[in-house]
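Beneath this line is the structure, given in structure tokens, with notes to follow.
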Amino acid sequence: ANCATCHGLKGEATTGWREKGADGKYPPPPLNGSAHAWHHSTDTMSKVIHEGSPPGIGGMPAWGNKLTDQEINDVIVWITSIWPAEIYDIWYKEIEKKHQGKKQHKLD
Numbered sequence: 003a004n005c006a007t008c009h010g011l012k013g014e015a016t017t018g019w020r021e022k023g024a025d026g027k028y029p030p031p032p033l034n035g036s037a038h039a040w041h042h043s044t045d046t047m048s049k050v051i052h053e054g055s056p057p058g059i060g061g062m063p064a065w066g067n068k069l070t071d072q073e074i075n076d077v078i079v080w081i082t083s084i085w086p087a088e089i090y091d092i093w094y095k096e097i098e099k100k101h102q103g104k105k106q107h108k109l110d
């Protein structure tokens, strides 16, 4: 319900999300796989949900003081669950590669 207020019930957001508004900030992007959310790791998504948009970029508020870590993880699961299968597969493979690289790096 918190996300839907700005991002839409199905993560569709609004048209024109790529263009800055009168306040100089970007409007909420879609979360349904048609925007850039799927380019981010779960850590990055968690940070944005916890802390909100970086200053001057968007208007997303911080949810870290309103949602538990489990609720934030649940939000991320919901976001990834509404992506088309091909987008999810690309994202998941990228996440696996990054985690594999971290594991190998620690062994060196």
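Remember, my numbering sits 2 above the position in the sequence shown when you count from 1.
Think of the CB as a built atom: it goes at the ideal place given N, C-alpha and C, for glycine as much as any other residue.
Predicted, not measured: the structure shown is a model, and the values here were computed from it.
With DSSP run on the structure shown, which of helix, strand or coil describes residue i?
i   : result
G60 : strand
Would you give the residue range spanned by the alpha helix (DSSP H) that residue i belongs to?
i   : result
I84 : Per DSSP, I84 belongs to no alpha helix (DSSP H) and is neither H nor E.
E53 : 44-53
T16 : Unbroken run through T16: none, as it is neither H nor E.
H9  : 6-9
Taking all protein chains shown into account, do 16 or more other C-beta atoms lie within 10 angstroms of the C-beta of residue i, making it buried, or fewer, making it exposed?
i    : result
W85  : buried
L33  : buried
W193 : One cannot answer for residue 193 here, as it falls past the ends of the chain, which runs 3 to 110.
T82  : buried
W93  : buried
R13  : The residue asked about is misnamed: residue 13 is Gly in this sequence, not Arg. The residue is buried, with at least 16 neighbouring Cβ atoms inside 10 Å.
Give me, in chain order, the residues of the same chain whose beta-carbon lies closer than 8 Å to that of residue i; leave out the 5 immediate sequence neighbours on both sides.
i   : result
I74 : S48, I51, H52, W65, G66
D25 : G61
Report all residues from its chain with a CB closer than 7 Å to the CB of residue i; omit the five preceding and five following residues, and keep chain order.
i   : result
S55 : G61, M62
K22 : Y28
Once the 5 residues before and after residue i are set aside, which same chain residues still bring their CB inside 6 Å of it?
i   : result
W19 : P29, P31
A15 : H9, P30, P31, P32
A37 : P31
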